[in-house]
Amino acid sequence: MSPAPGITIDGPARRVSLDVRNPDFFRNPLPAYGALHAQCPAFFWEEPQQWYFAGYDQVNALLRDRRFGRQILHVATREDLGLSEPKPHLKDFDALEEYSLLELEPPAHTRLRTLVNRAFVSRQIEQLRPDIETLSHAIIDGFKKDGEVELLKAYAETIPVTIIARMLGIPVEAAPRLLDWSHRMVKMYVFNPSVETELDANQASTEFAAYLKDIIAEKRVSPADDLLTHMIRSEKDGERLSEAELISTTVLLLNAGHEATVHQIGNAVSTILKSGFSPDQLFASEEATARTVEECLRFAAPLHIFQRYALSDIELEDGISLRKGDKIGLMLGAANVDPRKFTAPDTFRPDRDEGANVSFGAGLHFCIGAPLARLELNLSLPILFRRLSGLRLKDEPPVKDSFHFHGLERLDLVW
Ligand code: HEM
Numbered sequence: 003m004s005p006a007p008g009i010t011i012d013g014p015a016r017r018v019s020l021d022v023r024n025p026d027f028f029r030n031p032l033p034a035y036g037a038l039h040a041q042c043p044a045f046f047w048e049e050p051q052q053w054y055f056a057g058y059d060q061v062n063a064l065l066r067d068r069r070f071g072r073q074i075l076h077v078a079t080r081e082d083l084g085l086s087e088p089k090p091h092l093k094d095f096d097a098l099e100e101y102s103l104l105e106l107e108p109p110a111h112t113r114l115r116t117l118v119n120r121a122f123v124s125r126q127i128e129q130l131r132p133d134i135e136t137l138s139h140a141i142i143d144g145f146k147k148d149g150e151v152e153l154l155k156a157y158a159e160t161i162p163v164t165i166i167a168r169m170l171g172i173p174v175e176a177a178p179r180l181l182d183w184s185h186r187m188v189k190m191y192v193f194n195p196s197v198e199t200e201l202d203a204n205q206a207s208t209e210f211a212a213y214l215k216d217i218i219a220e221k222r223v224s225p226a227d228d229l230l231t232h233m234i235r236s237e238k239d240g241e242r243l244s245e246a247e248l249i250s251t252t253v254l255l256l257n258a259g260h261e262a263t264v265h266q267i268g269n270a271v272s273t274i275l276k277s278g279f280s281p282d283q284l285f286a287s288e289e290a291t292a293r294t295v296e297e298c299l300r301f302a303a304p305l306h307i308f309q310r311y312a313l314s315d316i317e318l319e320d321g322i323s324l325r326k327g328d329k330i331g332l333m334l335g336a337a338n339v340d341p342r343k344f345t346a347p348d349t350f351r352p353d354r355d356e357g358a359n360v361s362f363g364a365g366l367h368f369c370i371g372a373p374l375a376r377l378e379l380n381l382s383l384p385i386l387f388r389r390l391s392g393l394r395l396k397d398e399p400p401v402k403d404s405f406h407f408h409g410l411e412r413l414d415l416v417w
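Under my numbering, the first residue of the sequence shown carries the number 3, and numbering increases by one thereafter.
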């Protein structure tokens, strides 16, 4: 038995039993990660019945390893792999995934990524600085006199969704609907979603796609200076994006463009308030702010697991044999607290200088939105702490029961 709550580890056999719905685990996974690092950083997880990897070097290498992919159906059929047929009640959800950058492999991935990449490079993103600053101040102006706020709804959610909607050229008034569709869709990315979750995610996909179809039709008639118009007009090797690709890509950008950042703003604020460090010190300069943001990303990452398929039969160095089509899990949140990489990994140390965290992934699918997310964090956090002096937690913030998306249910603050 291991001392970490919620986890049973058989180190020599590299077998682990862990229920991700166990509150002792999802509220704070760091003790379980510590036990895994000590006993078996590569292990067979009994509940999902597949291999998982928690070590920093191994996660970092596997993310870049071209023998693995996010997709498998470009190199094998469902029949070859004994996979069940797609579920008819997930038709509209699957249609959005089919052309999602995140679910494609080269050459289809390269073509799509090249088309959207230009809008997301740091130089382009830097131009959003005044917009993000003005928006952060305006939101705080709205609630400052109240002396208290639930930060996730009021601030953490509004900034990323507004910015990504503006970038794409989607009316900002649609934000509540975008958030609702997105929340219903991301519930699919947990172990074994229920049929109700599937039906609801499919319904959200139907509505989201229909909404974007209308917007795309409008942009074709009245082009504007926005990313959606740019994607409609973009050509690569004489080819344009199809309607289905445009819709998939826009949904992914809107969903990925806020889901993780919302939680990261919440996780960062909570981490900072519990750390005992003074905000004046943490945000003393742009460099200090950047270091604080990176340490928050390492210590309290919002996305803890991504999966890959073995694209062929593979023997890993440590004797793990995988068959073509097997899935593996890469534990970004655990890799970030590997004691072989970071000293005293369970401690928040904003002056740390020990190399990059893997919160944005690595390799081919490295987060295209990382420069945008970093800019939003580097601006919205210091503005919040400077404007609200004496900021503190009202209560212990409840952690969401969704291990893959490590975030808070709500974050009540007073000042
Ligand atoms: C703190 C905030 C964020 C975190 C922690 C995060 C994390 C990640 C990670 C780990 C991946 C790689 C997944 C994999 O390898 O399987 C990824 C991919 C992606 N992210 Fe982010 N993300 C964040 C914000 C954003 C934002 C603001 C956007 C906005 C557009 C975005 C768009 C994307 C897209 C499109 C991909 C797929 C890239 C590809 O497959 O080529 N993300 N993100």
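Glycine included, every Cβ here is placed at the ideal spot set by N, Cα and C. Bear in mind that the values here come from a model prediction, so they are computed numbers and not experimental data.
At the level of alpha carbons, what is the spacing between ASP67 and LEU114? As a first step, residue 67 must be located in the sequence shown, where it is residue number 65. As a first step, residue 114 must be located in the sequence shown, where it is residue number 112. If you take the alpha carbons of ASP67 and LEU114, they lie about 20 Å apart.
Going by DSSP, what residue range makes up the beta strand (DSSP E) through THR10? In the sequence shown, residue 10 corresponds to position 8, counting from 1. Unbroken beta strand (DSSP E) run through THR10: 9–12.
Between which two residues does the beta strand (DSSP E) containing PHE55 stretch? The residue given as residue 55 occupies position 53 in the sequence shown. That run of the beta strand (DSSP E) goes 52–55.
Taking 6 Å as the cut-off, is the CB of ARG69 close to at least one heavy atom of the ligand HEM? As a first step, residue 69 is located in the sequence shown; it is residue number 67 there, counting from the start. ARG69 Cβ: outside cutoff for every heavy atom of the ligand HEM.
Going by DSSP, what residue range makes up the alpha helix (DSSP H) through GLU378? Against the sequence shown, residue 378 aligns to sequence position 376. Counting along the chain, the alpha helix (DSSP H) containing GLU378 begins and ends at 372–389.
Please look up how many angstroms separate the CB atoms of SER361 and ALA303, rounded, as I've assumed it's under 8 Å. Walking along the sequence shown from the start, residue 361 turns up at place 359. Walking along the sequence shown from the start, residue 303 turns up at place 301. Contact holds; Cβ gap of about 4 Å.
Ends of the beta strand (DSSP E) at SER19? On the sequence shown, position 17 is the one that residue 19 refers to. First-last of the beta strand (DSSP E) with SER19: 17–20.
Thinking just about the alpha-carbon of each residue, which of ALA110, VAL197 and PHE27 is nearest to the one in GLY73? In the sequence shown, counting from the first residue as 1, residue 73 sits at position 71. Note that residue 73 is Gln in the sequence shown here, rather than Gly. Per the C-alpha coordinates, the member of ALA110, VAL197 and PHE27 positioned closest to GLN73 is ALA110.
Just to confirm my understanding: we take ARG310, look at its own chain, exclude 5 residues before and 5 after, and list those with CB closer than 6 Å. What are they? Here residue 310 refers to the residue found at position 308 of the sequence shown. Result list for ARG310: PHE70 and ILE330, in chain order.
Quick check: what's the CA-CA separation for LYS147 versus ILE385? Your numbering for residue 147 matches position 145 in the sequence shown. Your numbering for residue 385 matches position 383 in the sequence shown. Each residue's alpha carbon lies about 16 Å from the other.
Just reading off the beta strand (DSSP E) that ASP414 is part of, what are its end residues? Residue 414 sits at position 412 when you count from the first residue of the sequence shown. 414–416 is the extent of the beta strand (DSSP E) around ASP414.
Apart from the five residues on each side of it in sequence, which residues of its chain come closer than 6 Å, Cβ to Cβ, to ASP26? The residue given as residue 26 occupies position 24 in the sequence shown. Excluding positions up to five away in sequence, the list reads PRO7 and GLY8.
Beta-carbon proximity list for VAL197, same chain, < 8 Å, skipping 5 on both sides: Locating residue 197 in the sequence shown gives position 195, where the first residue counts as 1. Excluding residues within five positions, the ones whose Cβ falls inside 8 Å are HIS91.
Going by DSSP, name the residue or residues bridged to VAL151. Reading the sequence shown from its first residue, position 149 is the one you call residue 151. Note: VAL151 sits in a beta bridge opposite LEU415.
Would you say the beta carbon of GLN266 is closer than 6 Å to some non-hydrogen atom of the ligand HEM? Reading the sequence shown from its first residue, position 264 is the one you call residue 266. Yes, since a heavy atom of the ligand HEM falls inside the 6 Å radius drawn around the Cβ of GLN266.
GLY409 versus ALA246: straight-line alpha-carbon distance, rounded: One-based indexing of the sequence shown puts residue 409 at position 407. One-based indexing of the sequence shown puts residue 246 at position 244. In this structure, the CA atom of GLY409 is about 31 Å from the CA atom of ALA246.
Could you tell me the alpha carbon to alpha carbon distance between GLU209 and ASP353, rounded to whole angstroms? Position 207 of the sequence shown, counting from 1, holds the residue named residue 209. Position 351 of the sequence shown, counting from 1, holds the residue named residue 353. Going by the C-alpha atoms only, they are around 46 Å apart.
Does the ligand HEM have a heavy atom nearer than 6 Å to the CB of ILE127? Along the sequence shown, one-based indexing puts residue 127 at 125. ILE127: no, Cβ never under 6 Å from the ligand HEM.
By Cβ distance, which residues of its chain are closer than 6 Å to MET169, with the 5 residues on each side in sequence left out? Here residue 169 corresponds to residue number 167 of the sequence shown, with the count starting at 1. So the qualifying residues of the chain are LEU229.
Indicate the three-state DSSP secondary structure (helix, strand or coil) for PHE193 in the structure shown. What you label residue 193 is simply residue 191 of the sequence shown in a count that begins at 1. Residue state, collapsed to three classes: coil.
Hey, could you find the ends of the beta strand (DSSP E) PHE122 is sitting in? As a position in the sequence shown, residue 122 is number 120, starting the count at 1. Unbroken run through PHE122 is the alpha helix (DSSP H), 110–122; no beta strand (DSSP E).
Considering only C-alpha positions, which residue in the set PHE122, ARG125, SER124 and THR164 is nearest to ALA140? As a position in the sequence shown, residue 140 is number 138, starting the count at 1. If we check each option's Cα against that of ALA140, THR164 comes out closest.
From the beta carbon of ASP96, is the nearest beta carbon of chain D less than 7 Å away? In the structure shown, chain D cannot be found, because there is only a single protein chain.
May I ask you to report which of helix, strand or coil DSSP gives ALA44? Taking the first residue of the sequence shown as 1, we reach residue 44 at position 42. Shown here, ALA44 sits in a strand according to DSSP, grouped into three states.
Taking 6 Å as the cut-off, is the CB of ALA336 close to at least one heavy atom of the ligand HEM? Residue 336 sits at position 334 when you count from the first residue of the sequence shown. No.
Could you tell me how far apart the beta carbons of ASP414 and GLU152 are, in whole angstroms, since I believe they sit closer than 8 Å? Here residue 414 corresponds to residue number 412 of the sequence shown, with the count starting at 1. Here residue 152 corresponds to residue number 150 of the sequence shown, with the count starting at 1. The C-beta distance from ASP414 to GLU152 rounds to 5 Å, short enough to meet the 8 Å contact threshold.
Is the beta carbon of HIS76 within less than 6 Å of some heavy atom of the ligand HEM? What you label residue 76 is simply residue 74 of the sequence shown in a count that begins at 1. The answer is no for HIS76.
Please state whether DSSP places ARG394 in a helix, a strand or coil. Residue mapping note: residue 394 aligns to position 392 of the sequence shown, counting from 1. Correct three-state label for ARG394: strand.
Would you mind stating whether GLY259 and GLY371 have Cβ atoms separated by less than 7 Å? Taking the first residue of the sequence shown as 1, we reach residue 259 at position 257. Taking the first residue of the sequence shown as 1, we reach residue 371 at position 369. Contact flag set, yes.
Presumed contact (8 Å Cβ cut-off) between ALA44 and PHE55, rounded CB distance: For the purposes of this step, residue 44 is taken as the residue at position 42 of the sequence shown. For the purposes of this step, residue 55 is taken as the residue at position 53 of the sequence shown. That belief holds up - the Cβ atoms of ALA44 and PHE55 are roughly 5 Å apart, short of 8 Å.
Any idea if SER102 is buried or exposed, counting beta-carbon neighbours within 10 angstroms, 16 or more meaning buried? The sequence position of residue 102 within the sequence shown is 100, counting from 1. By the 10 Å Cβ count, SER102 comes out buried.
In angstroms, rounded to a whole number, what distance separates the CA positions of MET3 and THR10? Numbered from its first residue, the sequence shown carries residue 3 at position 1. Numbered from its first residue, the sequence shown carries residue 10 at position 8. Caution applies to MET3, whose pLDDT of 44 falls short of 50 and renders its modelled position unreliable; the model cannot decide the point.
Cα-Cα separation between GLN126 and ASP21, rounded to whole angstroms: By one-based count along the sequence shown, residue 126 stands at place 124. By one-based count along the sequence shown, residue 21 stands at place 19. So the alpha carbons of these two residues sit roughly 43 Å apart.
My output table needs one value for LEU410: the three-state DSSP class, helix, strand or coil. Position 408 of the sequence shown holds residue 410. LEU410: strand per DSSP, three-state reduction.
Short check: CB of ALA206 to CB of MET190, under 7 Å? The residue you call residue 206 lines up with position 204 of the sequence shown. The residue you call residue 190 lines up with position 188 of the sequence shown. No. Outside cutoff.
Length-filtered (3 minimum) beta strand (DSSP E) runs lying within the segment 283–369: List check, beta strand (DSSP E) in window: 307–312 and 329–333.
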